[in-house]
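In the numbering used here, the protein residues as written are 1 to 340.
Put into structure tokens, the structure is as follows:
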């Protein structure tokens, strides 16, 4: 069994950096609602909103266990505004431009904000995962609620789903299952190893004629959704033989620094703060760069299309058939999917 400690963090964390737990044992740097909302308006990014009460034992346990995991805590601190909110607190608060008050002066009376956001289902701890904030509309494009205690294994896929925009092409339940398969199912290792990937610096420099279309899988080592897609979608048993028959597969890690010649042009990776990724990967994505991305090339190495973000096996299957069987030449994607 392979345990996940979020490879993204291993690359970002400074060696020897000491994380100091708070008085509850958590390594997450929690913000008040006011602090979190202020930061969100200045620079939007995902939000974790933790609803707790003073008497909730599982809330305290989650602080001392799940949020005390160094890898998880650093992932949250790096990618989220983590906010703690007392669901029975007595302060008047502003959330997304609206005022919320305590529902009663009674000690255990729920706060209006908790009642509103949890839709009356008051269970603690409850965690909200929010992303894609729209400043003008004062709303989140993604809002998910997870009730009850979340251990490491339960919260990991939700964090990745939220941060890495997996919701664009997949449901949480589907991604949860694939995440488990990718990182915790030891039987999946052999299936993943059977997929024949080529390196971009070797593939594109080859003088051999290509009689198949090519899939360029744009990814990085620190992208968790990339790993899930590579280990599960591409290794799916229903896709394996079709992939091998119809496509060349290029595993393009955007962090590589090799110079690559593509269609007569030389592309490099200068590793600057403004442009840390390989120029060819950016060019293939045609100003729509996302991780992961799937780029489809025809037999002449011309770009047919690019599909951003994670794709589950079922979605990948439809896309591969659409391009691999040349349906795209005679039908729109909408017509193709409408008649399936």
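No residue lacks a Cβ here, since even glycine has one placed at the ideal position from N, Cα and C.
*Contact check, residue 290 vs residue 228, beta carbons under 8 Å*: No. Outside cutoff.
*asked:* So, with DSSP's three-state summary, where would you put residue 72?
replied: Helix.
*asked:* residue 51 and residue 102 - do their beta-carbons sit closer together than 8 Å?
replied: The beta carbons of residue 102 and residue 51 sit no closer together than 8 Å.
*7 Å Cβ shell around residue 161 - same chain, five flanking residues per side excluded*: Closer than 7 Å at the Cβ level, and outside the excluded window around residue 161, lie 167, 172 and 175.
*Endpoints, beta strand (DSSP E) assigned at residue 136*: Residue 136: not part of any beta strand (DSSP E); DSSP gives it neither H nor E.
*Helix, strand or coil: how does DSSP classify residue 268 here?*
For residue 268, the secondary structure class from DSSP, reduced to helix, strand or coil, is coil.
*According to DSSP, is residue 307 helix, strand or coil?*
In the structure shown, residue 307 sits in a strand (DSSP, three-state: E or B).
*What three-state label does DSSP hand residue 61 in the structure shown?*
Looking at residue 61 - three-state DSSP - the assignment turns out to be helix.
*asked:* Please report the distance separating the alpha-carbon of residue 243 from that of residue 293.
replied: When rounded, the distance between both Cα atoms is 17 Å.
*Does DSSP put residue 174 in a helix, a strand or coil?*
In the three-state DSSP reduction, residue 174 falls in the helix class (H, G or I).
_Just to confirm before moving on: does the CB-CB distance between residue 308 and residue 250 stay below 8 Å?_
Going by C-beta atoms, residue 308 is not nearer than 8 Å to residue 250.
*Backbone secondary structure at residue 156 - three-state DSSP*: Three-state result, residue 156: helix.
*Name, in chain order, the residues that DSSP records as bridge partners for residue 67.*
Its beta-bridge partners do not exist; DSSP assigns none.
_alpha helix (DSSP H) runs wholly inside the segment 227 to 261, at least 4 long, in chain order_ = Listed in chain order, the complete alpha helix (DSSP H) runs (minimum 4 residues) inside the segment 227 to 261 are 237 to 246.
*Three or more C-beta pairs closer than 8 Å, one from the segment 23 to 32 and one from the segment 71 to 82: is that the case here?*
With a cut-off of 8 Å, the segment 71 to 82 and the segment 23 to 32 count as touching, because enough Cβ pairs lie within range.
*Should the segment 318 to 332 be regarded as contacting the segment 258 to 267, the criterion being three or more beta carbon pairs within less than 8 Å?*
Counting Cβ pairs under 8 Å, fewer than three are found: no touch.
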